[in-house]
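For reference, the structure discussed in these notes is given below.
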């Protein structure tokens, strides 16, 4: 195996307090539960990531410790104010190597406002040209609740102010490539805090609302010269298959009964979640899936290189150089190919709102 360090950068978008850090903390735990007894292992790649995830894990655990005093809580009350990186290392137990570093770059959603943050907006546009994986985190209650009609695809009135779905569509048109590249990019729509809708068998409706809210973005991916691997991968951040934790309500004024809004963002000031039964600890579900999709993407890139090498096409030298110079050293992850069947089996592709919308990499 090559000793060149393998690093995959993942750009994360999402509204204020939508729960991206909570997901990353749960992602590590779920990945360990899924693969820990096998050959794959995951750990924080630096002290900053370890400390941030420990703090978030303690915060999540505190919701469960206080059930006797209060049955409701407001998760993720502190918004991300600046760029934050979370670095994970995925290694093989039977290989003495540095493994694959997955670098999650979390930007505040407000930076998509070109008027208020012109420099940050420009920075995002430059960054997207350098990464190959985009995660669009979606606050599910803001998407699902307070709709103006009973239509299944009707979108909640606070969705756009929280999830920036229209702005993301416009931003994608301006900054994503429309020209054929040497390798596909991957975009994951990741609905968070889906417990209530999972318990109520509404994940299909959640999927429809995502298509409606992000219509412009999905249209951009359709028939695009640039290949994009696009999927919807919902996760349950705190709850489990059995009813336990779920969204309850937005905070309302005690007199007027109107939802109390943050004036600057025109989104509900607080979202309350409740325990529908006593739980001693969080039991997240599907949180490992984004990481599984990322690994599958990396291995698909290696598979392309190996295929082109076998075909002995002139194109091979170009794509190999492209991957080595701008993404990762393909030779350095060949040992992970032995795990591709296990990763493929663990990948959830349908049901519970899951969907692979565009599949040039044939997941």
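In our numbering, the protein residues as written are 1 to 363.
Glycine included, every Cβ here is placed at the ideal spot set by N, Cα and C.
When you compare each of the options to residue i by their alpha carbons, which one comes out closest?
| i | options | result |
| --- | --- | --- |
| residue 51 | 63, 21, 64, 41 | 21 |
| residue 43 | 89, 145, 111, 130 | 89 |
| residue 186 | 131, 222, 208 | 131 |
| residue 160 | 125, 178, 112, 295 | 112 |
| residue 194 | 58, 232, 356 | 232 |
| residue 114 | 158, 171, 58 | 171 |
| residue 244 | 265, 274, 255 | 274 |
| residue 222 | 169, 261, 272, 253 | 169 |
| residue 34 | 296, 353, 347, 58 | 347 |
| residue 107 | 354, 253, 11 | 11 |
| residue 179 | 129, 207, 188, 133 | 129 |
| residue 156 | 14, 109, 142 | 142 |
| residue 96 | 199, 122, 39, 71 | 39 |
| residue 134 | 208, 146, 60, 102 | 102 |
| residue 13 | 109, 19, 64 | 109 |
| residue 200 | 283, 241, 75, 250 | 241 |
| residue 84 | 254, 46, 336, 32 | 46 |
| residue 237 | 289, 217, 93 | 289 |
List the residues that DSSP assigns as beta-bridge partners of residue i.
| i | result |
| --- | --- |
| residue 87 | 103 |
| residue 139 | 192 |
| residue 285 | 236 |
| residue 186 | 133, 229 |
| residue 267 | 262 |
| residue 40 | 92 |
| residue 249 | 272 |
| residue 72 | 274 |
In whole angstroms, what is the alpha-carbon distance linking residue i and residue j?
| i | j | result |
| --- | --- | --- |
| residue 281 | residue 191 | 22 Å |
| residue 137 | residue 334 | 30 Å |
| residue 298 | residue 196 | 33 Å |
| residue 100 | residue 303 | 16 Å |
| residue 287 | residue 220 | 27 Å |
| residue 151 | residue 82 | 37 Å |
| residue 41 | residue 263 | 45 Å |
| residue 8 | residue 53 | 19 Å |
| residue 125 | residue 119 | 10 Å |
| residue 153 | residue 205 | 7 Å |
| residue 372 | residue 360 | Residue coverage of the chain in this structure runs from 1 to 363, which leaves residue 372 outside it and unanswerable. |
| residue 294 | residue 356 | 14 Å |
| residue 246 | residue 276 | 8 Å |
| residue 162 | residue 267 | 6 Å |
| residue 316 | residue 300 | For residue 316, the predicted structure reports a pLDDT of 49, less than 50, and the residue's modelled location is therefore unreliable. A value from the coordinates is still provided. Each residue's Cα considered, the two are about 15 Å apart. |
| residue 127 | residue 104 | 12 Å |
| residue 60 | residue 337 | 35 Å |
| residue 364 | residue 63 | The chain is shown from 1 up to 363; residue 364 falls before or after that span and cannot be answered. |
| residue 203 | residue 353 | 5 Å |
In this structure, how does DSSP classify residue i when only helix, strand and coil are distinguished?
| i | result |
| --- | --- |
| residue 274 | strand |
| residue 109 | helix |
| residue 160 | helix |
| residue 1 | Summary for residue 1: the model assigns pLDDT 39, below 50, so the residue's position carries little reliability; its value from the coordinates is reported in the next sentence. Here residue 1 sits in coil by DSSP. |
| residue 24 | helix |
| residue 354 | strand |
| residue 333 | helix |
| residue 303 | helix |
| residue 242 | coil |
| residue 293 | helix |
| residue 347 | coil |
| residue 9 | strand |
| residue 167 | helix |
| residue 177 | coil |
| residue 33 | helix |
| residue 341 | helix |
| residue 216 | helix |
| residue 363 | coil |
| residue 97 | coil |
| residue 204 | helix |
| residue 364 | With the chain covering 1 to 363 only, the question about residue 364 has no answer from this structure. |
| residue 115 | coil |
| residue 144 | helix |
Less than 7 Å between the CB of residue i and some heavy atom of the ligand FMN, yes or no?
| i | result |
| --- | --- |
| residue 205 | No copy of the ligand FMN appears in this structure; indeed no ligand is present at all. |
Cβ pair count under 8 Å reaching 3, the region 337 to 346 against the region 207 to 225: no
At least 3 beta-carbon pairs within less than 8 Å: the region 25 to 32 vs the region 169 to 179: no
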